[in-house]
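Enquirer: Top line first, the protein sequences correspond to chains A and B. If you read the first sequence in the numbering used here, its first letter stands for residue 1, the second for the next number, and so on. If you read the second sequence in the numbering used here, its first letter stands for residue 1001, the second for the next number, and so on. Ideal placement from N, C-alpha and C gives every residue a C-beta, glycine not left out. Pasting a structure here, questions to come.
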Amino acid sequence: MIEFIEAALQRPNFIAFVVLFLWGLFIMNTHPNLVKKLIGMYIVQTSILLLIVTIGVKQEATVPILQGSDAVLSTADQMSPPNYTNPLPHVLTLTAIVVQVATLGVSLALVTALYRKYGSLDEDEILQKIE
Amino acid sequence: MSDHLPVILFLLPFATAICLPMVGARRSAWCRPMALTALLAMCVVAVINVWIVVEHGDTRYAFGGWPISTSLPDHPLGIEWVNDGLASAMLVVLSFLAWLCLFYSGPLTPRSLGAREVLYYALLLLLISGLTGIVLAGDIFNVFVFLEVAALSAYGLVGIPGGRALIVAFRYLILGTLGASFYLLGVVFFYASTGTLNMADLAQQMAAKPELMASKAVIGGTTFMLIGLGIKMALFPLHGWLPGAYTRAPDSISPLLASLMTKVALYGWVRIMFWVLGARAEIGQVHLLTLLSGLGSLAAVAGALLALRQQDVKRMFAYGGISHVGLILIGVSQGNQTGFAGSMFYLINDAVMQAGLFFIAGAAIHQYGARTVEDLSRLRRSPWMIGAIIVLAMSMIGIPPTGGFFGKWYIILGAIEAGNYLAVAAVVVATLLTMAYFQRVFVRIFDDTQESSTTDDADMHPALKLSMGLTAGAVIALGFWSDPIIRFFREVAATAGL
Chain A
1 MIEFIEAALQ RPNFIAFVVL FLWGLFIMNT HPNLVKKLIG MYIVQTSILL LIVTIGVKQE
61 ATVPILQGSD AVLSTADQMS PPNYTNPLPH VLTLTAIVVQ VATLGVSLAL VTALYRKYGS
121 LDEDEILQKI E
Chain B
1001 MSDHLPVILF LLPFATAICL PMVGARRSAW CRPMALTALL AMCVVAVINV WIVVEHGDTR
1061 YAFGGWPIST SLPDHPLGIE WVNDGLASAM LVVLSFLAWL CLFYSGPLTP RSLGAREVLY
1121 YALLLLLISG LTGIVLAGDI FNVFVFLEVA ALSAYGLVGI PGGRALIVAF RYLILGTLGA
1181 SFYLLGVVFF YASTGTLNMA DLAQQMAAKP ELMASKAVIG GTTFMLIGLG IKMALFPLHG
1241 WLPGAYTRAP DSISPLLASL MTKVALYGWV RIMFWVLGAR AEIGQVHLLT LLSGLGSLAA
1301 VAGALLALRQ QDVKRMFAYG GISHVGLILI GVSQGNQTGF AGSMFYLIND AVMQAGLFFI
1361 AGAAIHQYGA RTVEDLSRLR RSPWMIGAII VLAMSMIGIP PTGGFFGKWY IILGAIEAGN
1421 YLAVAAVVVA TLLTMAYFQR VFVRIFDDTQ ESSTTDDADM HPALKLSMGL TAGAVIALGF
1481 WSDPIIRFFR EVAATAGL
């Protein structure tokens, strides 16, 4: 048990991910206000981005552009891969951010249309007005 | 040229969707013919594509020419699209149904759109290109992106009528995004434990290192992906968004959504389950296929039970679709070729049947204002609608010679072959319940004491008649050609290691 707690405490990013994910999920499913639901949705998506960035981190490594002593070497087998981070997780993050922004745009458009029609952002109130 | 067919298939709807707003800004009357032409071209290309795949075998498309070799110790660098038997067959179904749904929707296009009609067609084509992307993608992250492209267009399309459709679209958006987030989380887990996103490479690593499959990261990733795609395919306990969205969506859109959205998500899961995890994958100590068989049985029975209680016709058919997703999952999860081939055949049938049923529901509202089961008696004077609904109901229930019978038959045979009698019982119970809710429909239609409409369907738009007739004909044609199609899918199942 002690080892488990110790191991968990050494990975604050993962704890942050879990807390943010569950928090966002809770807001998204329980809050009656539509905009706050969207905030919860945004937190869920961002927490996943945090996880992707976290797994891409490498200590004492730099951007994957050949530099220093590697830069003057022309043959690929002589450079040292441990000096460079993997760029793919960051690219995935960028793509996921684009998707997230598009989703947020569509959802805000829907919320605006609902507000114009029913003059309220509260889900229960809107449902009452529809009945 | 023929190497580029998969990309051409994707670009046809996608490029048209981008061009439409530019052309349509001045000439909005051109939008519909342009969209129809693009989809017709897509049908032709899809047929050529399936012919090439059958003749010359699978092709893999490497974007930008980056190497996608998966022979160890190399790892693929580029993004890959896989154009194999299953994908090419799905593309034919997808393009033909997309064209038919667009053709049908002509007289039903919402009047309130006005000048925004341009954007409506652009969204529709984006939805179709997103679905094409999911079918072709050979990379789990690409599947995520295309899922969102398709889903975002669908949210917009569902919300078009305004009013109650808006709140339904919002709920669909919240749940759909949750599904996509869960799927992305699964992708991250897979990437963290294997360092690759390519499906073929993932499958190779899973096969080479059995301890990988038992690791917590892969088990967690699999679970998250199942939940994510489960929401997208409306697997029974996660189906909450579907009935409302399909009922409130404009009548011109709901056939397209009902026939393709959930089926393509289901296809995505089949890809991951057989082409990445392998048929023998386990979650913890539980065999993944056993779990899916249970979930499928639950969905098949519960969906049909819920359909029995509905008053609204569109809502009833939507629950019928949920039940059929369960049936397809039962067949897939028997772990033998018969079940797999049967359920892939049933998937095609179900896509056609759902499209046809929503065609009828939409036409009934348009022509006679019949929304609930009670109102259906007004349909009695319309031979096209009655004919189509009888054929489609026969297929939904599973009466020969329609395609639905052969699909269910092979699913049951597969379950018997696997000795899974619970699944057999679930299919039979779901069939009986399907019969029960169609019986309600027919009692209403043929009950003489009910008021009937005085007008027949002579003034019905020919597009509506033709699309209902075509779907009904397609179900019977699928029944007659079930044998070669099943054989084709058996070969596909063999490549999946069954």
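Alpha carbon to alpha carbon, how far is B/A1364 from B/I1052?
Expert: Within the second sequence, numbered from 1, the residue matching residue 1364 of chain B stands at position 364. Within the second sequence, numbered from 1, the residue matching residue 1052 of chain B stands at position 52. Whole-angstrom Cα-Cα distance: 41 Å.
Enquirer: Please determine, among B/R1171, B/A1281 and B/I1330, the residue with the shortest C-alpha to C-alpha distance to B/L1235.
Expert: Numbered from 1 along the second sequence, position 235 holds the residue referred to as residue 1235 of chain B. Of the candidates B/R1171, B/A1281 and B/I1330, the one whose C-alpha sits nearest the C-alpha of B/L1235 is B/I1330.
Enquirer: Using three-state DSSP, classify B/V1373 as helix, strand or coil.
Expert: What you label residue 1373 of chain B is simply residue 373 of the second sequence in a count that begins at 1. Coil.
Enquirer: Nearest-angstrom Cα distance between B/G1163 and B/S1343?
Expert: Taking the first residue of the second sequence as 1, we reach residue 1163 of chain B at position 163. Taking the first residue of the second sequence as 1, we reach residue 1343 of chain B at position 343. Computed Cα separation, rounded: 38 Å.
Enquirer: Reducing DSSP to helix, strand and coil, say where A/E60 ends up.
Expert: Mapped onto the first sequence, residue 60 of chain A falls at position 60. Coil at A/E60, not helix or strand.
Enquirer: For a cutoff of 8 Å on Cβ pairs, would you count B/I1160 as touching chain A?
Expert: As a working note, residue 1160 of chain B is residue 160 in the second sequence. Judged by the 8 Å Cβ criterion, B/I1160 is not in contact with chain A.
Enquirer: Using the rule of at least 16 other Cβ atoms within 10 Å of the residue's Cβ for burial, across every protein chain shown, is B/L1256 buried or exposed?
Expert: Mapped onto the second sequence, residue 1256 of chain B falls at position 256. The residue in question, B/L1256, is buried, as its Cβ has 16 or more Cβ neighbours within 10 Å.
Enquirer: Taking only the alpha-carbon atoms, compute the straight-line gap between B/H1506 and A/I5 and give it to the nearest angstrom.
Expert: Limits of chain B in this structure are 1001 at one end and 1498 at the other, which puts residue 1506 of chain B out of reach.
Enquirer: Who are the Cβ neighbours of B/S1105 in its own chain at under 6 Å, not counting the five residues just before and after it?
Expert: Looking up residue 1105 of chain B in the second sequence gives position 105. Excluding residues within five positions, the ones whose Cβ falls inside 6 Å are S1252.
Enquirer: For the candidate residues B/L1413, B/H1056 and B/L1433, whose alpha-carbon lies nearest to that of B/A1302?
Expert: Position 302 of the second sequence, counted from the start, is the residue given in the question as residue 1302 of chain B. Among B/L1413, B/H1056 and B/L1433, the Cα nearest to that of B/A1302 is on B/L1433.
Enquirer: Which residue marks the beginning of the alpha helix (DSSP H) containing B/T1059, and which one marks its end?
Expert: Translated into the one-based positions of the second sequence, residue 1059 of chain B becomes position 59. First-last for B/T1059: T1059 to A1062, but that is the beta strand (DSSP E), not the alpha helix (DSSP H).
Enquirer: What are the boundary residues of the alpha helix (DSSP H) that includes A/N13?
Expert: If you number the first sequence from 1, residue 13 of chain A lands on position 13. Taken as a continuous stretch (DSSP letters only), the alpha helix (DSSP H) holding A/N13 covers P12 to T30.
Enquirer: For the region 27-45 of chain A, enumerate the residues whose C-beta is nearer than 7 Å to any C-beta of chain B, in chain order.
Expert: The region 27-45 of chain A vs chain B, Cβ under 7 Å: M28, L34, K37, M41, V44 and Q45.
Enquirer: For B/Y1120, count neighbouring C-beta atoms within 10 Å of its own C-beta (all shown protein chains included) and say buried if the count is 16 or more, exposed if not.
Expert: Here the question's residue 1120 of chain B lines up with position 120 in the second sequence. It is buried - the Cβ of B/Y1120 has at least 16 other Cβ atoms within 10 Å.
Enquirer: Any contact of the region 1257-1272 of chain B with the region 1148-1163 of chain B, i.e. 3+ C-beta pairs under 8 Å?
Expert: Output reads yes: the region 1148-1163 of chain B touches the region 1257-1272 of chain B.
Enquirer: Label B/M1042 either buried or exposed according to how many other C-beta atoms from any shown protein chain fall within 10 Å of its C-beta, with 16 as the threshold for buried.
Expert: One-based indexing of the second sequence puts residue 1042 of chain B at position 42. Classification of B/M1042: buried, given that the 10 Å Cβ count is 16 or more.
Enquirer: In the DSSP assignment, find the beta strand (DSSP E) that holds B/N1083 and state where it starts and stops.
Expert: Mapped onto the second sequence, residue 1083 of chain B falls at position 83. Unbroken beta strand (DSSP E) run through B/N1083: E1080 to N1083.
Enquirer: Is the Cβ of A/V101 closer than 8 Å to any Cβ of chain B?
Expert: Along the first sequence, one-based indexing puts residue 101 of chain A at 101. Chain B contact via Cβ: absent.
Enquirer: For chain B, is any of its Cβ atoms less than 8 Å away from the one on A/L9?
Expert: Translated into positions along the first sequence, residue 9 of chain A becomes position 9. Output row for A/L9: interface = no.
Enquirer: Determine the contact status of B/L1100 and B/T1132, defining contact as a CB-CB distance below 8 Å.
Expert: For the purposes of this step, residue 1100 of chain B is taken as residue 100 along the second sequence, with counting starting at 1. For the purposes of this step, residue 1132 of chain B is taken as residue 132 along the second sequence, with counting starting at 1. No. Outside cutoff.
Enquirer: Considering only the beta carbon of each residue, do B/A1281 and B/T1194 sit closer than 8 Å?
Expert: Residue numbering aside, residue 1281 of chain B sits at position 281 when the second sequence is read from its first letter. Residue numbering aside, residue 1194 of chain B sits at position 194 when the second sequence is read from its first letter. For B/A1281 and B/T1194, no; Cβs fall outside 8 Å.
Enquirer: Are the CB atoms of A/L20 and A/V111 nearer to each other than 8 Å?
Expert: Residue 20 of chain A sits at position 20 when you count from the first residue of the first sequence. Residue 111 of chain A sits at position 111 when you count from the first residue of the first sequence. No.
Enquirer: Under 8 Å, with one C-beta from each stretch per pair, do the region 1480-1487 of chain B and the region 1333-1350 of chain B reach the 3-pair mark?
Expert: Because the criterion of three Cβ pairs below 8 Å is met, the region 1480-1487 of chain B and the region 1333-1350 of chain B touch.
Enquirer: Could you list the residues in the region 1132-1154 of chain B with a C-beta less than 7 Å from some C-beta on chain A, going in chain order?
Expert: Those residues of the region 1132-1154 of chain B that come within reach of chain A (Cβ to Cβ, closer than 7 Å) are F1141, V1145, E1148 and L1152.
Enquirer: Name the DSSP beta bridge partners of B/V1286, please?
Expert: As a working mapping, residue 1286 of chain B is identified with position 286 in the second sequence. B/I1283, per the DSSP bridge assignment.
Enquirer: Check whether the region 1378-1393 of chain B touches the region 1301-1321 of chain B, taking contact to mean three or more Cβ pairs, one atom from each stretch, closer than 8 Å.
Expert: At 8 Å Cβ cutoff, the stretches do not touch.
Enquirer: According to DSSP, B/N1198 sits in a beta bridge with which residue or residues?
Expert: Here residue 1198 of chain B is taken as the residue at index 198 of the second sequence, counted from 1. Answer is B/D1139.
Enquirer: Counting contacts by CB-CB distance shorter than 8 Å, is B/S1293 in contact with chain A?
Expert: Taking the second sequence and counting its residues from 1, one reaches residue 1293 of chain B at position 293. So, not an interface residue.
Enquirer: Where DSSP assigns a beta bridge to B/D1312, which residues make up the other side?
Expert: As a first step, residue 1312 of chain B must be located in the second sequence, where it is residue number 312. DSSP, once it has assigned bridges, lists B/T1372 as partnering B/D1312.
Enquirer: Cβ closer than 8 Å: which chain A residues qualify as neighbours of B/L1166?
Expert: For this step, residue 1166 of chain B is matched to residue 166 along the second sequence. The answer, in chain order, is L110, A113, L114 and K117.
Enquirer: Verify whether the separation of the beta carbon atoms of B/L1422 and B/S1254 is less than 8 Å.
Expert: Numbered from its first residue, the second sequence carries residue 1422 of chain B at position 422. Numbered from its first residue, the second sequence carries residue 1254 of chain B at position 254. Taking 8 Å as the Cβ cut-off, B/L1422 and B/S1254 do not qualify as a contacting pair.
Enquirer: Please report whether the beta-carbon of B/F1010 lies at a distance below 8 Å from any beta-carbon of chain A.
Expert: On the second sequence, position 10 is the one that residue 1010 of chain B refers to. B/F1010 does not count as touching chain A.
Enquirer: Determine the direct distance from the alpha carbon of B/I1079 to that of B/W1066, and round the result to whole angstroms.
Expert: By one-based count along the second sequence, residue 1066 of chain B stands at place 66. By one-based count along the second sequence, residue 1079 of chain B stands at place 79. Cα-Cα distance, rounded: 8 Å.
Enquirer: Pull up the distance between the alpha-carbon of B/Q1439 and that of B/I1348, whole angstroms please.
Expert: Translated into the one-based positions of the second sequence, residue 1439 of chain B becomes position 439. Translated into the one-based positions of the second sequence, residue 1348 of chain B becomes position 348. Rounded to whole angstroms, B/Q1439 to B/I1348 spans 24 Å at the Cα level.
Enquirer: Of the choices B/P1401, B/L1327, B/R1444 and B/A1351, whose alpha-carbon is the least far from that of B/G1411?
Expert: On the second sequence, residue 1411 of chain B is found 411 positions in, with the first residue counted as 1. Just to set this straight, residue 1411 of chain B is Ile in the shown sequence, not Gly. Measuring from the Cα of B/I1411, the nearest candidate turns out to be B/L1327.
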